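Comments concern the structure below.
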Amino acid sequence: MRIALKILAVVVIGAIIGLGLTWFTVFRGALAGGVSDGPWRTSLEAGSANGGMMLRARVAVHGLFALNRSEAIYYTAATDSNGTALSGACVYRIEGRDPPARWWSITAYGGDDYLIPNAAGIYSASMHSVKRDAGGRFAVTVSKAQMPGDWIPIGDGRFSLSIRLYNPQASVAAEPAHVALPTIIKARCT
Amino acid sequence: MKWLGWIAATLIVAALVHVASVIALPHLIMARAMRGIADHGGLNTMIHGKRPTSASRGVVRPSPDLLYSSCVYDLDAAGGMARVTAHGMPKTYWSVSLFDAETNNFYVLNDLAAKDGSVEFVIVGKNQDKAPPGNVVRTPTRRGLVLFRTLIDDDAHLADIDKARRSATCARLKT
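Laid out in structure tokens, this is it:
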């Protein structure tokens, strides 16, 4: 009887630890898998068949139906360029030049990985929507309150940004940590 | 020293449960996503999703700048083979990609590689001997997903782009 109880305890505690480990590494762990470029993180093996079981589980949880790297490369930022977690209580400026791709967009997602509800119905800024200065630089404001110019609304709490590069130039896959991606600067917080 | 054995046994169980759950997750998540899509229109049928908004809850991190059309293929339900076609896709970025039941992306074709906005291929099982003439794509698993992404390059063209991407179809191959 005591043996049976001990075996039960081993199975239950073992299962809790095992599932906890999965939760921590797959669900809590962002879709990282390797490469950082400033605040932007990507994995070149998203969508490919040789991603390994851990990466495949993370892709399934955080980025199901991602395309392979020749078609699209996705970067995600959960922090600003100083490494501080993105928060709905702050105002950010995303500044940069067009990344080397046929088409690109920047989209904000809530903590639940879905688009953030907002009255303006705006969820992203893209190659076709942003205004550029004479030097080719754009600046997009990310904030809860409406801002003039290019603006992506967010809600309360934490959020993340994804930049999608469709048909990226070969240099992106070759050196994913050295792509000229925009910076995310925290302007102020309330 | 007897308790060391119990701790070791607990750690072994933990490791096995961890590995098994990591291996099972893509399969479970894919099955759930495919069920959600198939519930809207059945198997081997193209579903043309609305432009994603904050109300979209089907798949995580959708792009609001893309129109998604999807089809759950099931070769057993299709009688062996499924056919994917599109004629007159819009003049903007679009791609069609195939995912197996483990979430792996095993095929992709985009507007630059396709001729005249046309798609025409047949999905067959990896062990299918008698493949039809024409473009054949071999799937590692009997079930999976066909996903068309069409870029809305200008909101003013949304109606035209939406109409054109609805030329994409998915059906059992009639032999």
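Quick note, the sequences are listed as chains X and A, same order. For the first sequence, this note's numbering gives the first residue as 1, with consecutive numbering after it. For the second sequence, this note's numbering gives the first residue as 1001, with consecutive numbering after it. C-beta: ideal position from N, C-alpha, C; glycine also. Note that the structure is a prediction, hence the values are computed from the model and not measured.
A residue is called buried when at least 16 other Cβ atoms come within 10 angstroms of its Cβ; Ile1012 of chain A does not meet this threshold and is exposed.
In the structure shown, the three-state DSSP call for Pro168 of chain X is strand. A distance below 7 Å separates the beta carbons of Pro39 of chain X and Ala77 of chain X.
In this structure, His1040 of chain A sits near Ile1047 of chain A, with a CB-CB distance shorter than 7 Å. A distance of 7 Å or more separates the beta carbons of Leu1109 of chain A and Val1146 of chain A. DSSP places Ser129 of chain X outside any beta strand (DSSP E), giving it a letter other than H or E.
Around the beta carbon of Val12 of chain X, fewer than 16 other beta carbons sit within 10 angstroms, so the residue counts as exposed.
Look at Val1124 of chain A: its C-beta is not under 7 Å from any C-beta on chain X. Between the alpha carbons of Ala119 of chain X and Leu165 of chain X lies a distance of about 27 Å. Between Ser1063 of chain A and Ser105 of chain X the beta-carbon gap is near 7 Å, inside 8 Å, which marks them as a contact. Chain-ordered listing is empty here: chain A has no CB closer than 9 Å to the CB of Trp151 of chain X, the nearest sitting near 14 Å.
With 16 or more neighbouring CB atoms inside 10 Å of its own CB, Asn1105 of chain A falls in the buried class. Runs of beta strand (DSSP E) with 3 or more residues, each lying fully within the stretch 51-92 of chain X, are found at 72-77, listed in chain order. The three-state secondary structure of Lys1115 of chain A, taken from DSSP, is coil.
Residue pairing by DSSP leaves Thr190 of chain X without any beta bridge partner. Within chain A, the residues whose beta carbon sits less than 7 Å from that of Ile13 of chain X are Thr1010, listed in sequence order. Secondary structure remark: continuous alpha helix (DSSP H) runs of at least 4 residues inside the stretch 1037-1104 of chain A: none found. DSSP, read as helix, strand or coil, puts Thr1010 of chain A in helix. In the DSSP annotation of this structure, Ile1152 of chain A is not part of any alpha helix (DSSP H), being labelled neither H nor E. When secondary structure is reduced to three states using DSSP, Ser160 of chain X falls in the strand class. By the neighbour-count criterion, in which 16 or more other beta carbons inside 10 Å mark a residue as buried, Leu5 of chain X falls on the exposed side.
With a threshold of 7 Å between beta carbons, Ala108 of chain X makes no contact with chain A.
Val59 of chain X counts as buried, since at least 16 other C-beta atoms from the protein chains shown sit within 10 angstroms of its C-beta.
Taking 7 Å as the threshold, the shortest C-beta distance from Leu86 of chain X to chain A does not fall below it. What Asn68 of chain X touches in chain A, judged by beta-carbon distance under 7 Å, is Asn1105 and Val1108, going in chain order. Counting only residues of its own chain and dropping the five nearest sequence neighbours on each side, Tyr1107 of chain A has a CB closer than 6 Å to the CB of Leu1098 and Val1137.
In the three-state reduction of the DSSP assignment, Arg1165 of chain A falls in the helix class, which pools H, G and I. Contact residues of the stretch 88-103 of chain X toward chain A are Arg102 and Trp103 (C-beta to C-beta distance below 9 Å). In this structure, Gly18 of chain X places its C-beta atom within 7 Å of the C-beta atom of Ala1014 of chain A. If you check the CB distance, Thr1150 of chain A and Glu1120 of chain A do not come in under 7 Å. Contact note: His178 of chain X does not reach chain A at a C-beta cutoff of 9 Å; the least C-beta distance is about 25 Å.
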